[in-house]
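So the sequence shown is residues -15 to 168, counted in this note's numbering.
We put the CB at the ideal spot given by N, CA and C, even for glycine.
Since the structure is predicted, the reported quantities are computational estimates derived from the model, not experimental observations.
Read the structure below first, then the notes.
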Amino acid sequence: MKKTFTKVVKSAKQRPTIAGVHYTNECIELTDAHVAIIEELKTPLENSFDILINLEGVPSVVDYPELKRLVPTDNKNIFVIDIPMLEAIAKINKKESRIELESDGTIGGQKVGEFEQLEGFEHVAFNPKYVLLLLEYAKESGQKEHIKIELNDNAFSPAVVHFEQPETVNTFIITPMRLYVGQI
């Protein structure tokens, strides 16, 4: 199991209905309610099954939330992240409550990438802990230098990164933090 999977499942342990890795004949998925990972098989398995397995390896049958519905289809902004730069900034700020990506491609004045497509986006804030999970997952997926993150212009919709693998199409969802007037 990927290290990122273990970290996400451990952080969800207070919520038994989601604290595990959900397996079906079509995908593997997990969430802690702040991030979600969906690995869809390009060729689904023939026999249908639906099971949640916790970190101790104990299976259970639960009504797992349909994570695919969380993937936004209207994210118009595409930001190409420099993985080493964002990782350095997220690690430096990991004890902070948030890091905020601005429309000029900076976090705290440091350039972390370029917008490939920019349409109405101003800023978005993420918990550094979840940004580090995204970057760890990117590395586990073979991405070392750059990833493309899809963002909405309202700073409330989840951000999404897709990873194409030989046998799966993987999606990492990260929820932004709400910023209130005094925080902007």
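Every unbroken alpha helix (DSSP H) within the region -2 to 61, with a cutoff of 4 residues, ordered by chain: none
DSSP state of F(-11) mapped onto helix, strand, coil: F(-11) carries a helical assignment under DSSP once its states are collapsed to helix, strand and coil.
Alpha-carbon spacing of I12 relative to T90, whole angstroms: 33 Å
Nearest residue (CA-CA) to G93, options Q101, H107, L102 and E103: H107
Three-state class that DSSP yields for V96 in the structure shown: Correct three-state label for V96: coil.
Residues bridged to I91 [DSSP beta-bridge criterion]: L85 and Q94
Contacting residues, own chain, Cβ-Cβ under 8 Å from V19 (five flanking each side not counted): V(-8), Y114, L117, L118, F156, I157, I158 and T159
Rounded separation between E124 and K(-14) - CA only: 7 Å
Three-state secondary structure (DSSP) of E120: helix
N154 vs P56 beta-carbon contact at 9 Å: no
Cross-strand partners of V64 (DSSP beta bridge): E98 and K132
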